[in-house]
Amino acid sequence: MVILKTSRELQKMREAGRISANALKLAGTAVEPGVSTLEIDTLVRKYIEEQGAKPSFLGYGGFKGSACISINEEVVHGIPSKKRILKSGDIVSVDVGAFIGGFHGDNAWTFACGDISEESQRLLDATRESLFEGIKQAVAGNRIGDIGNAVQRYVEARNYSVVRDYVGHGVGAKLHEDPSVPNFGTPGRGVRLLPGMTIAIEPMINMGTHRVKVLSDGWTAVTADGKPSAHFEHSVAITSDGPVILTIPD
Ligand code: MG
0 MVILKTSREL QKMREAGRIS ANALKLAGTA VEPGVSTLEI DTLVRKYIEE
50 QGAKPSFLGY GGFKGSACIS INEEVVHGIP SKKRILKSGD IVSVDVGAFI
100 GGFHGDNAWT FACGDISEES QRLLDATRES LFEGIKQAVA GNRIGDIGNA
150 VQRYVEARNY SVVRDYVGHG VGAKLHEDPS VPNFGTPGRG VRLLPGMTIA
200 IEPMINMGTH RVKVLSDGWT AVTADGKPSA HFEHSVAITS DGPVILTIPD
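For the sequence shown, numbering that gives the first Met the number 0 begins at 0 and goes up steadily by one.
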């Protein structure tokens, strides 16, 4: 069931989104060679808790971190660890959410650590742009398939592939609400978008095959061929004035 938010609830979601976005920005400033993913996670957790909010992911399904930090061929759900030390050339996807005032924000970004290859930079640029192509379609009267199709067309034109096993989602009082928001689809198909809907659009785009597998830790999803993957996400409200990005930092 899709839950529509009132304008007052959207205000609260902007606040949850603002804190989520600030936490993500902070994580990005910490991405440097020699830093462990646990150090980044700790920064994120402290910031969110100092704002009187709760990290949305901490304890979710037993997840041990406040952020998911996924490096190179890791697609999503990487577990922060003091043993994972970033090195120059890594691409580092950080996914973080904050819960405050009864609502969640959810956002992700893939950061370059030190000097990355041109090939990796192109993947990051295409994935980020595909997110904004998707957001442009988050318009009342459109359907979910219009969003997914816009993302898919943009990245497949550049010979990248769209992860199928993980998708975006509604976001609100719960971190994951209806509807599912795939990064692939057919224009004009799927749930109709209405003002008051709030969704997390989050392309996960691979350099090689779209296929992924989950490591024995039960969480970390990696590409089946070991090639890099990127992930960008915003929480977005559908309004009568068009799409409004909720995860905007200060
Ligand atoms: Mg999400």
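Just so you know, even glycine gets a beta-carbon here, dropped at the ideal spot from N, CA and C.
Bear in mind that the values here come from a model prediction, so they are computed numbers and not experimental data.
Relative to the ligand MG, A199 has its C-beta within less than 6 Å of a heavy atom.
Fully contained in the region 124-162 are the following alpha helix (DSSP H) runs of length 4 or more, in chain order: 143-155. Taking the Cα positions, D240 is about 36 Å away from A29. When distances are taken from the beta-carbon of D105 to the heavy atoms of the ligand MG, the shortest one is below 6 Å. In the three-state reduction of the DSSP assignment, A229 falls in the strand class, which pools E and B.
In the DSSP assignment, A172 is bridged to no other residue. Taken atom to atom, the span from the alpha-carbon of G33 to that of I39 is near 11 Å. Of the other Cβ atoms in all chains shown, 16 or more fall within 10 Å of the Cβ of G16; this residue is therefore buried. At a cut-off of 3 residues, the continuous stretches assigned as beta strand (DSSP E) that sit fully inside the region 178-233 are 197-200, 203-205, 211-213, 220-222 and 228-230. For S35, there is no enclosing beta strand (DSSP E), since its DSSP letter is neither H nor E. With a cutoff of 7 Å on beta-carbon distance, V91 and L23 are scored as not near each other.
Pairing F102 with A172 gives a Cβ-Cβ distance under 7 Å.
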